[in-house]
Every structure is written in structure tokens, then in C-alpha cells.
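Numbering (the working numbering), first residue to last: 729 to 949.
For each residue, glycine too, the CB sits at the ideal point set by N, CA and C.
Read the structure below first, then the notes.
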């Protein structure tokens with residue numbers, strides 16, 4: 729296995745694989761000039777004593793936490809209800825040729841493929857976990873639906889040999905394939921999981937990327 733540190737890839741639509749978001753500055757017009765304050769000499773009554781605030785009982789507020797979950801282990805299955813995705817995940821180690829050309833080319837199936845040089849999901853994760861899958865031009869493949877149904881806030885699960893992990897989608901973004909290798913998704917982030925496929929609105933030129941974090945749990949009060 730070779731180590732891909734910051735080597736970034738372009739996912740190809742074969743039979744595969746973010747919307748760049750531009751932030752415009754929000755300008756605020758200056759408000760009206762306040763009227764001048766005119767001081768006058770006046771006689772004032774003695775100030776009344778300030779009221780003593782009543783004691784307010786402390787209230788315990790539940791703190792949202794990320795459960796430790798099962799130990800880190802290679803992903804085996806992805807279930808994403810909102811996108812109607814339920815697929816097996818296989819390990820994929822990019823070949824030397826793919827590494828040299830900075831491409832991701834999973835086998836021509838409808839399953840998902842975990843990029844082995846990167847992170848592993850679960851407790852003790854040290855890097856981002858990446859799962860890629862083909863979108864198909866002439867078929868209703870599972871990963872096609874990332875383009876049309878995936879949305880921030882969606883829950884999904886990943887099953888490993890040590891248990892099931894719950895995630896919530898943080899963002900759904902498209903990137904031009906030529907720019908994918910330079911996108912921020914390749915910044916290592918423990919416990920983060922990224923799904924990558926071709927964008928069905930532009931199979932050959934654009935990728936869709938779903939970024940997710942572990943689901944948090946709020947204890948009952």
C-alpha cells in the first residue's frame with residue numbers, strides 16, 4: 729500500500745467519480761446620523777435604590793456529544809435512506825497509474841469503494857474516510873441519486889466489522905473535475921466521511937461530493 733498524503737484525485741465517470749460556492753460580500757449602508765444631544769441643567773430627585781435581583785435556580789442543560797461508537801474498521805456497507813442508497817463497500821487501493829494521473833477509477837459496478845490510503849471510520853479514526861461510486865449515464869444507479877436527493881441534514885449509516893456508525897450530512901457540493909484535486913475535501917479530518925460520484929447534470933465534467941460528520945446524541949433531561 730502506498731501513502732497518499734496530499735495527493736488529490738479526480739473521479740472519472742466511466743460507466744463516474746462538488747457546486748463551487750462563491751461568497752459575495754454583504755455591504756451595509758451607513759445609517760442616518762443621530763441627532764445631537766443637548767445637555768440642560770435640571771434638578772433631579774435622589775435616585776431610588778436599585779432592586780435586588782431574585783435568585784434564579786440553576787438549570788442543567790444537556791450537552792450534545794458524539795458517541796464513541798465501535799472501533800475504527802474498514803467500511804462494508806452504506807445505507808442512505810433519503811437517497812435510496814443501500815450498497816456494499818469494497819476496499820480500493822488506487823493503482824500506480826491512477827496515482828500518477830491523479831484519478832479515481834473504481835471498478836465498473838454499482839457498489840461503493842473505500843479509498844484505502846486514507847481514513848477508516850470509527851473510534852480512533854485518524855483521517856477522513858472516502859467512499860467513491862459510479863454514477864451511470866443510462867441506468868438508475870444508487871450513486872446517481874446523490875446528485876438529486878442528497879441534502880444537508882440527511883442521516884445515513886455505515887456498517888463495519890465492529891458495528892454501525894451514524895452520520896449526518898454537513899454539505900452537498902459540486903466541483904469541476906479538474907479542480908477536485910485542489911478542493912478542501914482532501915484536508916484530513918478524523919471521523920469525517922466523504923462520498924464522491926459524478927454529478928448527473930454533467931457526468932463528464934463535474935463531481936458531486938457529500939461531506940458528513942458523526943451524528944451527535946443529546947441526553948434526555
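When secondary structure is reduced to three states using DSSP, residue 898 falls in the strand class. Beta-bridge partners of residue 814 (DSSP): 807.
Between residue 935 and residue 909, the beta carbon gap of about 10 angstroms keeps them out of contact (Cβ cut-off 8 angstroms). The alpha-carbon separation between residue 802 and residue 856 amounts to approximately 12 angstroms.
Straight-line measurement puts the Cα of residue 822 at about 22 angstroms from the Cα of residue 872.
A Cβ-Cβ contact shorter than 8 angstroms links residue 797 with residue 851. Of the other Cβ atoms in all chains shown, fewer than 16 fall within 10 Å of the Cβ of residue 824; this residue is therefore exposed. A distance of 8 angstroms or more separates the beta carbons of residue 893 and residue 859. Here DSSP, grouped into helix, strand and coil, assigns residue 884 to strand. Going by beta carbons, residue 869 and residue 863 fall inside the 8 angstroms limit.
Inclusion of residue 925 and residue 895 in the CB contact set at 8 angstroms is not warranted, their separation being larger than that value. In the DSSP assignment, residue 829 falls within the alpha helix (DSSP H) that extends over 824-829.
A distance below 8 angstroms separates the beta carbons of residue 826 and residue 833. Rounded to the nearest whole angstrom, the C-alpha separation of residue 891 and residue 914 is 26 angstroms. By the CB criterion at 8 angstroms, residue 830 and residue 888 fall outside the cutoff. Each of 848, 813, 828, 812 was checked against the Cα of residue 917, and the nearest Cα belongs to 848. Taken through DSSP and simplified to helix, strand or coil, residue 911 comes out as coil. Shown here for residue 837: same chain residues with a beta carbon closer than 8 angstroms to its own, the five before and five after excluded, namely 862 in chain order.
For residue 941, the enclosing beta strand (DSSP E) begins and ends at 934-942.
In this structure, residue 943 and residue 883 form a Cβ contact; the two beta carbons are roughly 6 angstroms apart against a cut-off of 8 angstroms.
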